[in-house]
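Okay, structure first, notes after.
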Amino acid sequence: MMQRHLQGVGMTSQRTRDRMIHRLSEQGIIDERILTIMRTTPRHIFIDEALASRAYEDTALPIGYYQTISQPYIVARMTELLFENKPTMSNVLEIGTGCGYQTAILAQLADSVYSVERLLPLQKKAKAHTELLKLRNIRYLHSDGGWGWEDYAPYDGILVAAAPNDIPQALLEQLVVGGVMVIPVANQEDGTQALKRITRTESSFHIEEVEPVSFVPFLSGKE
Ligand code: SAH
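Start counting the sequence shown at 1; every next residue gets the next number (this note's numbering).
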């Protein structure tokens with residue numbers, strides 16, 4: 001039963017997943033490592049049963065508590081940007097665990113993943129999901145990600161899945177020199193969001209603006 005659940009049937013079968021991968025490459029994702037990992041990671045187990053048949057559509061889906069699982073393209077794109085110039089990372093900090101799907105992808109690329117979520121029930125679900133996949137190199141923290149996670153800093157990579165108005169200072173400080181952060185940043189004036197990639201240099205930060213995106217807001221405090 002468990003095996004069948006992981007493998008999926010019908011709309012969650014390997015064939016449906018293969019179609020998602022085909023779509024991702026059409027959308028410009030070229031990193032074969034990421035495509036392979038997304039082909040073999042069952043996205044449907046991260047989503048409530050009632051929505052599982054839509055798990056491999058290129059869309060964000062509700063995961064409860066007014067939050068959404070990021071659409072496959074965004075997960076692939078952010079992961080690709082993170083690893084593009086730094087293919088091996090010993091530690092990655094993720095802010096906004098949500099259901100844990102992006103966490104599971106990162107855990108198959110980096111030696112260790114540290115993931116911070118402000119909503120405890122979501123964090124518990126994420127933990128159960130990644131345990132089901134036997135991913136053991138992930139640590140979770142229930143906290144406001146605006147503080148980062150000092151204990152394991154500095155990080156080779158930081159990936160943020162909610163959009164703040166300004167890049168939190170603590171996250172910049174917890175990036176190693178040469179490290180990369182991928183983060184959506186909201187423009188308060190017109191309400192738009194831009195995905196940014198920040199690379200820490202010896203003396204400052206190199207910022208690239210990648211593309212417009214639409215994320216849930218980065219909120220302070222924990223619940
Ligand atoms: N990658 C996740 C995205 C979930 S949506 C997934 O695919 O499931 C973004 C998540 O960021 C939500 O779970 C939300 O609760 C969380 N979040 C928002 N602001 C946060 C903050 N300051 N610290 C930690 N998590 C935050």
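Glycine is no exception: its CB is placed at the ideal position from the N, C-alpha and C atoms.
Notebook entry, point to check: Less than 8 Å separating the beta-carbons of His142 and Gly100?
Noted result: For this step, residue 142 is matched to residue 142 along the sequence shown. For this step, residue 100 is matched to residue 100 along the sequence shown. Contact: no.
Item checked: Rounded Cβ spacing between Ala162 and Val116 (contact assumed at less than 8 Å) -> Position 162 of the sequence shown holds residue 162. Position 116 of the sequence shown holds residue 116. In fact, because the Cβ distance is near 11 Å, the residues do not count as touching under 8 Å.
Next item on the list: On the DSSP bridge assignment, give the partners of Val182 in chain order.
Entry: Position 182 of the sequence shown, counted from the first residue, corresponds to residue 182. In DSSP, Val182 forms a bridge with Leu159, Arg197.
Notebook entry, point to check: Beta carbon of Arg54: closer than 7 Å to some heavy atom of the ligand NAP?
Noted result: With respect to the ligand NAP, the structure offers nothing, as its ligand set consists of the ligand SAH.
Checklist line | Contact check, Gln225 vs Pro154, beta carbons under 8 Å | finding: What is shown of the chain runs 1 to 223, which leaves residue 225 out entirely.
Next item on the list: Could you spell out where the alpha helix (DSSP H) holding Glu32 opens and where it closes?
Entry: Against the sequence shown, residue 32 aligns to sequence position 32. In the DSSP annotation of this structure, the continuous segment of the alpha helix (DSSP H) that includes Glu32 starts and ends at 32-40.
Margin query: Within 10 Å of its beta-carbon, does Ser90 have 16 or more other beta-carbons around it, so buried, or fewer, so exposed?
Written below: Here residue 90 refers to the residue found at position 90 of the sequence shown. By the 10 Å Cβ count, Ser90 comes out exposed.
Margin query: Please list the terminal residues of the continuous alpha helix (DSSP H) segment that includes Ile74.
Written below: Residue mapping note: residue 74 aligns to position 74 of the sequence shown, counting from 1. 72-83 is the extent of the alpha helix (DSSP H) around Ile74.
Checklist line | heavy atom of the ligand SAH below 7 Å from Ala162 C-beta | finding: Here residue 162 refers to the residue found at position 162 of the sequence shown. Annotation for Ala162 indicates a beta carbon within 7 Å of some heavy atom of the ligand SAH.
Check: Measuring CB to CB, does Leu171 end up less than 8 Å from Gly148?
Finding: Along the sequence shown, one-based indexing puts residue 171 at 171. Along the sequence shown, one-based indexing puts residue 148 at 148. The Cβ atoms of Leu171 and Gly148 sit closer than 8 Å to each other.
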